[in-house]
Amino acid sequence: MVSANDLWLLSFYRVSEIAGAMFFGRLSRSLQPGPIQVDMTKHFADEARHAALWTSCITELGAEPMQLNNAYQDQYLSAAGMPANLMEVLAITQVFEQRVLRQYSHHLAMPDLPKPVRRTLLDIMADEKWHISWIRRELGKMEAEYSRETVRSTLRRLKEADSIVYRKLAADHPEHAVYIATT
């Protein structure tokens, strides 16, 4: 049996993966053909698969996913503002994917982790590492167009926005504090 706290967190992960899939799907459809479109389409497919993995994990634990109204990413617009270009979209995605990897690593280190959760985390984390890698590569290429300092300052600004969102998440859900990584 899964605890209420575990079910909330796994459902929160699931909703965030669904939100990511929907965002990257729309973005993939709008991009011009080329390497970024190819990688964004794979990213979209990964996010959708992750949502399915969390759904399977929850059901394997004998529960049903909770219906949650908000994903983590829903808070980004108010904290960071609307991205002005593809570089900013990739930068905020990079910051978010790094946050996800840290959160999943924190969760993986918890004692008495059920096997389905461990298996799901490990599976998804492999994809998250690739997400970070492809976006880092493309941001590096974009330094020629936007300048190295602009890309770096954008990443710094978005990391601060992410910290604001994360602190708000922790404050809004103190009952789940043990699950939320501190950094």
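Anchor point for the sequence shown: position 20 equals 30 in the working numbering, and the numbering is continuous, going up by one each time.
Just so you know, even glycine gets a beta-carbon here, dropped at the ideal spot from N, CA and C.
Query                                                                                                      : Result
At least 3 beta-carbon pairs within less than 8 Å: the region 96–103 vs the region 164–173                 : yes
Pro75 versus Ala58 - alpha carbon distance                                                                 : 15 Å
First and last residue of the uninterrupted alpha helix (DSSP H) at Ser66                                  : 45–70
Beta-carbon gap between Trp144 and Asp49 smaller than 7 Å                                                  : yes
Exposure of Leu78, with buried meaning 16 or more beta-carbon neighbours within 10 Å                       : exposed
At least three beta-carbon pairs within less than 8 Å, the region 81–98 to the region 114–128              : no
Simplified DSSP assignment, three categories, for Asp122                                                   : coil
Ranges of the alpha helix (DSSP H) found wholly within the region 93–180, counting only runs of at least 4 : 96–118, 125–156
Stretch-stretch touch, CB-based, cutoff 8 Å, three pairs: the region 105–112 with the region 166–175       : yes
Nearest-angstrom Cβ-Cβ length linking Leu87 and Tyr114, presumed shorter than 8 Å                          : 23 Å between Cβ atoms; not a contact.
Environment of Met11 [buried if 16+ CB atoms lie within 10 Å]                                              : exposed
Reference Leu17, options Met152, Thr65, Leu37, closest by Cα                                               : Thr65
CA-to-CA distance, Gly44 to Thr51, given in whole angstroms                                                : 11 Å
Nearest-angstrom beta carbon gap, His60 and Ile134 [assumed within contact, 8 Å]                           : 5 Å
Buried/exposed call for Met152, threshold 16 Cβ in 10 Å                                                    : buried
Nearest-angstrom Cα separation, counted from Ser157 out to Asp56                                           : 30 Å
Bounding residues of the alpha helix (DSSP H) (the contiguous stretch that carries Ala89)                  : 86–90
Of the residues Glu148, Gly72, Glu155, the one placed nearest Val127, counting alpha carbons only          : Gly72
Where Glu185 falls, given that 16 or more other Cβ within 10 Å makes a residue buried                      : exposed
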